[in-house]
Amino acid sequence: MLKSVSKLLALLPLFCLLNCHEPVIKPTDICTNAPGTANHPKAAVYQSVIDKYIKAGLPGIAVLVRDKSGTWAGSGGQADIKENTPMLPCHISKTASLTKIFIATLALKLAEEGKINLDEKIAEKLPANIISKIKNAETATLRNLLNHTSGIYDFSNNNNFYLALLNYPTKKWKPEELLQFAYNQEAKFPTGTSSGYSNTNTVLATMVIEAVTGQSHAALLREKILAPLGLSSSYYYWQEELPAHGVA
Numbered sequence: 001m002l003k004s005v006s007k008l009l010a011l012l013p014l015f016c017l018l019n020c021h022e023p024v025i026k027p028t029d030i031c032t033n034a035p036g037t038a039n040h041p042k043a044a045v046y047q048s049v050i051d052k053y054i055k056a057g058l059p060g061i062a063v064l065v066r067d068k069s070g071t072w073a074g075s076g077g078q079a080d081i082k083e084n085t086p087m088l089p090c091h092i093s094k095t096a097s098l099t100k101i102f103i104a105t106l107a108l109k110l111a112e113e114g115k116i117n118l119d120e121k122i123a124e125k126l127p128a129n130i131i132s133k134i135k136n137a138e139t140a141t142l143r144n145l146l147n148h149t150s151g152i153y154d155f156s157n158n159n160n161f162y163l164a165l166l167n168y169p170t171k172k173w174k175p176e177e178l179l180q181f182a183y184n185q186e187a188k189f190p191t192g193t194s195s196g197y198s199n200t201n202t203v204l205a206t207m208v209i210e211a212v213t214g215q216s217h218a219a220l221l222r223e224k225i226l227a228p229l230g231l232s233s234s235y236y237y238w239q240e241e242l243p244a245h246g247v248a
């Protein structure tokens, strides 16, 4: 369990898929919180769960619950340990691998518009010097990438990747740099015969989207998903500029 948690924490900055550059880490400040929701009948129960995990050692938590009794939002711990800034529900936090859902939704939207073929082999769209170094890349389709049936090796399982994260904790990784940790690694299974989670799938999917459309996948994500849904407080970390305040 501890190994899994450690890997998850290490992957928090991962899906930025960017060019190398040392970001400036700004202190977190107080954000403007939404009106209180203490009148929810389970408010005390929900808050007690948050408090339990803060006591167990988690630095900060923000939770929103919507059910038949209404909406409740609560938090605990700190948004910035160094600055001793309390965590509030309004703080913007990283969503890590939830980014995969957004990328998959973008791909489905493009397929709906007839701009991308989910069942075309990615080898038809990506450079041969990349495809030849990744086992199963020759047989995988975009659909296989999105539903994790490609069998392609997960670069985050490579210990050298974690060593690189420790050596360069604030580095912005280019897609090709991340893929290097999957080069010449054995596939998990033949494409389409099973399922297995792989971060490499998502990196390749963004590259396919850009190769087919000729546009930045980050710009397309904003144009076709985030903006139409009114997700004005959602940002693609390191691909877009974050707000000056309220970022945990």
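Heads up: the sequence shown begins at 1 in UniProt numbering, then just goes up one per residue. Just so you know, even glycine gets a beta-carbon here, dropped at the ideal spot from N, CA and C.
For Gln78, no alpha helix (DSSP H) run applies; the uninterrupted beta strand (DSSP E) run containing it begins and ends at 70-80, by DSSP. Between the alpha carbons of Thr193 and Thr149 lies a gap of roughly 7 Å.
As the crow flies, the alpha-carbon of Glu210 is around 17 Å from that of Ala140.
Burial check for Lys55: the Cβ neighbour count within 10 Å stays below 16, so the residue is exposed.
With distances taken between CA atoms, Ile130 lies nearest to Glu177 out of Ile101, Thr71, Ser216, Glu177.
About 11 Å separates the CB atoms of Ile50 and Val65; that is not less than 8 Å, and the two are not in contact. Per DSSP, the unbroken beta strand (DSSP E) holding Leu64 starts and ends at 60-67.
When the beta-carbon positions are compared, Ala205 and Leu118 stay at least 8 Å from each other. Fewer than three pairs of CB atoms, one per stretch, sit closer than 8 Å, so the segment 219-231 makes no contact with the segment 158-174. Annotated as proximal: Phe189 and Gly151, with beta-carbon spacing under 8 Å. Here Thr85 carries a strand assignment [DSSP, helix/strand/coil].
In this structure, the beta-carbon distance from Phe155 to Thr95 does not fall below 8 Å. With contacts defined by Cβ atoms closer than 8 Å, Val212 and Lys100 do not form a contacting pair.
Scanning its chain for C-beta atoms nearer than 8 Å, with the 5 sequence neighbours on each side dropped, one finds around Tyr235 the residues Ile92, Glu241, Leu242, Pro243, in chain order.
Close CB contacts of Arg143 within its chain, under the 7 Å cut and outside five residues either way in sequence, are with Leu118, Asp119 (chain order). With fewer than 16 other CB atoms across the displayed protein chains lying within 10 angstroms of its CB, Tyr53 is exposed.
In this structure, Ile116 sits away from Ala137, with a CB-CB distance that is not shorter than 8 Å. Beta-bridge annotation (DSSP): Lys121 is paired with Thr141. Residue environment analysis places Ser232 among the exposed positions, since fewer than 16 neighbouring C-beta atoms fall within 10 angstroms of its C-beta.
For Asn184, the CB contacts under 7 Å within the same chain, skipping 5 residues up- and downstream, are Lys133 in chain order. Look at Tyr197 here: in three-state DSSP terms it is coil, with no helix or strand label.
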